[in-house]
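Using the UniProt record's numbering, the first residue of the sequence shown is number 1, and each one after it goes up by one. For glycine and all other residues, C-beta sits at the position ideal for the given N, C-alpha and C. Below is one structure; the comments refer to it alone.
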Amino acid sequence: NTGTSSTLPAGDIGFDDTQNFTLSTWYKGTDITNYAIGTALIGRNSTDIFANFGLDDGYVTYTHYDGAWQYNIRSTTLVADGDWHYVSYVNHSDATGDLYIDGIKEIDGLSSAMSASRYYKLDNIMLGWPDNYTQGLIDDVKIYNYALTPYQIAKEFNGGAPVAHYAFDEGDGQSVHNTGG
């Protein structure tokens with residue numbers, strides 16, 4: 001997805017601030033746009049938006065609403081530099097969040113609390129409210145309904161390929177082939 005005028009629908013998924021969940025993707029671009037809630041990597045193009053996982057001035061943010069917009073979960077690494085970056089946001093059941101850039105935790109346990117009866121809804125990739133397209137490329141978007149561990153984040157970033165993989169699908173019962181690393 002180039003983000004110029006095309007988007008990818010992500011269904012209609014939602015999470016409460018006290019649910020464990022993880023958002024991760026690879027992003028490559030130079031978008032340094034600054035909107036009120038940033039541009040979306042994984043977001044929502046609707047007025048009922050109360051959280052956004054995206055970019056603000058080229059930095060990754062998880063912006064959330066608790067009566068006012070909160071911008072406390074923001075990377076220290078500029079990712080809008082034209083290189084590929086693996087970005088992940090992990091939300092915990094105690095309404096805190098962690099932010100990882102290229103497998104390294106940059107934000108640890110900051111509040112992700114939202115106002116009562118509000119939750120993070122997402123329905124688009126590279127499109128946020130109001131019709132704000134995120135410029136760049138995106139790949140390998142993953143949304144988990146659990147909190148990945150730092151080890152799992154690092155493994156995803158590093159490729160996580162096994163040193164051996166035996167599928168047992170040869171069909172003859174006499175031989176097995178290693179299709180792994």
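**Message:** Does I153 come out as helix, strand or coil in the three-state DSSP assignment?
**Reply:** Residue numbering aside, residue 153 sits at position 153 when the sequence shown is read from its first letter. Here I153 sits in helix by DSSP.
**Asked** For F157, which residues from the same chain have a beta carbon less than 7 Å from its beta carbon, with the 5 sequence-adjacent residues on both sides left out?
**Response** Sequence index remark: in the sequence shown, residue 157 carries index 157 (1-based). Excluding residues within five positions, the ones whose Cβ falls inside 7 Å are Y86, D102 and G103.
**Asked** Where does the unbroken beta strand (DSSP E) through D123 begin, and where does it stop?
**Response** Translated into positions along the sequence shown, residue 123 becomes position 123. D123 -> beta strand (DSSP E) spans Y120 to I125.
**Request:** State the beta-bridge partners of R74 as determined by DSSP.
**Result:** On the sequence shown, position 74 is the one that residue 74 refers to. Answer by DSSP bridge pairing, in chain order: T61.
**Request:** Go ahead and pull the three-state DSSP assignment for L137.
**Result:** Locating residue 137 in the sequence shown gives position 137, counting from the first residue. L137: strand per DSSP, three-state reduction.
**Prompt:** So who's on the other strand from Y146, going by DSSP bridges?
**Reply:** Residue mapping note: residue 146 aligns to position 146 of the sequence shown, counting from 1. In DSSP, Y146 forms no bridge with anything.
**Request:** Enumerate in chain order the residues of its own chain whose CB-to-CB distance from I153 is below 7 Å, with the five nearest sequence positions on each side excluded.
**Result:** If you number the sequence shown from 1, residue 153 lands on position 153. If we look at I153 and ignore the five residues flanking it on each side, its Cβ neighbours are S88, Y100 and G103.
**Asked** Under three-state DSSP, which class holds T54?
**Response** Here the question's residue 54 lines up with position 54 in the sequence shown. The sequence as given places Gly at residue 54; Thr does not occur at that position. Three-state result, G54: strand.
**Asked** Buried or exposed: where does S24 fall if 16 or more other Cβ atoms within 10 Å of its Cβ makes it buried?
**Response** As a first step, residue 24 is located in the sequence shown; it is residue number 24 there, counting from the start. Buried.
**Same chain only: Cβ atoms within 6 Å of A51, ignoring 5 sequence neighbours per side** = Looking up residue 51 in the sequence shown gives position 51. Same-chain partners within the cutoff: H64 and Y120.
**Prompt:** By how many angstroms is the C-alpha of D169 removed from the C-alpha of residue 182?
**Reply:** Because the chain spans 1 through 181 in this model, residue 182 falls outside it and cannot be assessed.
**Span of the beta strand (DSSP E) around residue 226** = The structure shown does not extend to residue 226, since the chain is modelled only from 1 through 181, so no value can be given for it.
**Request:** Evaluate N72 with the Cβ neighbour count: other Cβ atoms within 10 Å of its Cβ, from every protein chain shown; 16 or more gives buried, anything less gives exposed.
**Result:** As a first step, residue 72 must be located in the sequence shown, where it is residue number 72. With fewer than 16 Cβ atoms within 10 Å of its Cβ, N72 is classed as exposed.
**Message:** Between G171, Y133, I138 and A147, which has its C-alpha nearest Q19's C-alpha?
**Reply:** As a first step, residue 19 must be located in the sequence shown, where it is residue number 19. Ranking the options by Cα distance to Q19, first place goes to A147.
**Other residues of its chain near N91: CB distance less than 6 Å, five sequence neighbours each side excluded** = Residue numbering aside, residue 91 sits at position 91 when the sequence shown is read from its first letter. Once the five neighbours on either side are set aside, the close Cβ partners of N91 are F21, G97 and S112.
**Spatial distance of D14 from F53 (CA atoms)** = Here the question's residue 14 lines up with position 14 in the sequence shown. Here the question's residue 53 lines up with position 53 in the sequence shown. According to the sequence shown, residue 14 is Gly rather than Asp. In a straight line, the C-alpha of G14 is about 13 Å away from that of F53.
**Message:** Bridge partners for D98 per DSSP, in chain order?
**Reply:** For the purposes of this step, residue 98 is taken as the residue at position 98 of the sequence shown. Note: D98 sits in a beta bridge opposite V90.
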